[in-house]
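Residue numbers (my numbering): 303 to 542. To keep things clear, I will list the structure first and then write my remarks on it.
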């Protein structure tokens, strides 16, 4: 089938890898949410967020329900969320969110990734001061008036509302709020009958480090190495 098929096949495999990684991440988040506040999404905002994010990445409903059942079992691993900090090459700060059932394994792997990628792992607080933790919601824009929505949600913690695109190129509205207002904004959207495409907690840089294309490539290789680790959920950076 030639070169074109090989390129297409590689793209398909990359997409499947990303999807599998997302499913694993959400599965861990479901376990954490259920163990913390129970299996009923009506009384568990964190679990409702998991449902939303599962839909956004096409995770089948039966896999979500299976993850909830596993979380209720006595033999299910207890995942701990740990944030690691460090520097990539060229002075760019990285925050690495993990969910792990073995922190000794995870810290060793994360440190190895930093070292092999030309970076350096730091202590708690060494780079997190360069970021702020925020809630981020993505909405389908159809039928929504941005100005009206902003006015209605500003009293519920909305800090920022703008337009963006998803990974597939589709247009979305992005809403951001302070970490402490995440629950308030989530409930306000629910009360308005708006189901987000995704609802996440993110680390946004307060300052950025300008880099060249060559430097960005070095940094991206380290980020990719970290993201491929099974215990790593997300990696945030302040690359400008």
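C-beta atoms are modelled at their ideal positions from N, C-alpha and C, and glycine is treated no differently. Computed from a predicted structure; not experimentally measured.
From residue i to residue j, what does the alpha carbon distance come to, in whole angstroms?
{"i": "residue 349", "j": "residue 355", "result": "10 Å"}
{"i": "residue 482", "j": "residue 489", "result": "13 Å"}
{"i": "residue 336", "j": "residue 346", "result": "8 Å"}
{"i": "residue 394", "j": "residue 518", "result": "10 Å"}
{"i": "residue 411", "j": "residue 541", "result": "23 Å"}
{"i": "residue 344", "j": "residue 492", "result": "11 Å"}
{"i": "residue 543", "j": "residue 408", "result": "As shown, the chain starts at 303 and ends at 542. That puts residue 543 outside it, with no answer to give."}
{"i": "residue 522", "j": "residue 419", "result": "9 Å"}
{"i": "residue 364", "j": "residue 512", "result": "44 Å"}
{"i": "residue 315", "j": "residue 353", "result": "The pLDDT assigned to residue 315 is 38, lower than 50, so where the model puts this residue is not dependable; a value taken from the coordinates is nonetheless given after this. Near 25 Å, if we compare the C-alpha coordinates of residue 353 and residue 315."}
{"i": "residue 367", "j": "residue 415", "result": "34 Å"}
{"i": "residue 537", "j": "residue 457", "result": "31 Å"}
{"i": "residue 472", "j": "residue 446", "result": "15 Å"}
{"i": "residue 351", "j": "residue 485", "result": "10 Å"}
{"i": "residue 462", "j": "residue 431", "result": "21 Å"}
{"i": "residue 527", "j": "residue 496", "result": "36 Å"}
{"i": "residue 403", "j": "residue 450", "result": "44 Å"}
{"i": "residue 341", "j": "residue 373", "result": "8 Å"}
Return the Cβ separation of residue i and residue j in integer angstroms, given the expectation that the two are a contact with Cβ distance under 8 Å.
{"i": "residue 500", "j": "residue 339", "result": "Wrong, their Cβ atoms sit about 20 Å apart, outside the cutoff."}
{"i": "residue 392", "j": "residue 470", "result": "The pair is not a contact, with the Cβ atoms about 30 Å apart (cut-off 8 Å)."}
{"i": "residue 369", "j": "residue 533", "result": "No, residue 369 and residue 533 are not in contact; Cβ-Cβ is about 17 Å, not under 8 Å."}
{"i": "residue 434", "j": "residue 506", "result": "6 Å"}
For residue i, write down the residues that DSSP places opposite it in a beta bridge.
{"i": "residue 402", "result": "382"}
{"i": "residue 388", "result": "396 and 423"}
{"i": "residue 460", "result": "479"}
If you count every other CB in all the chains shown that lies within 10 Å of the CB of residue i, and 16 or more means buried, which is it?
{"i": "residue 327", "result": "buried"}
{"i": "residue 539", "result": "buried"}
{"i": "residue 388", "result": "buried"}
{"i": "residue 535", "result": "buried"}
{"i": "residue 464", "result": "exposed"}
{"i": "residue 503", "result": "exposed"}
{"i": "residue 362", "result": "exposed"}
{"i": "residue 331", "result": "buried"}
{"i": "residue 376", "result": "exposed"}
{"i": "residue 494", "result": "exposed"}
{"i": "residue 371", "result": "exposed"}
{"i": "residue 406", "result": "exposed"}
{"i": "residue 437", "result": "buried"}
{"i": "residue 329", "result": "buried"}
{"i": "residue 421", "result": "buried"}
Specify, as a first and last residue, the run of the alpha helix (DSSP H) that residue i falls within.
{"i": "residue 485", "result": "484 to 493"}
{"i": "residue 476", "result": "Careful: residue 476 lies outside any alpha helix (DSSP H), inside the beta strand (DSSP E) at 473 to 480."}
{"i": "residue 355", "result": "347 to 358"}
{"i": "residue 376", "result": "Run containing residue 376: none; DSSP gives neither H nor E here."}
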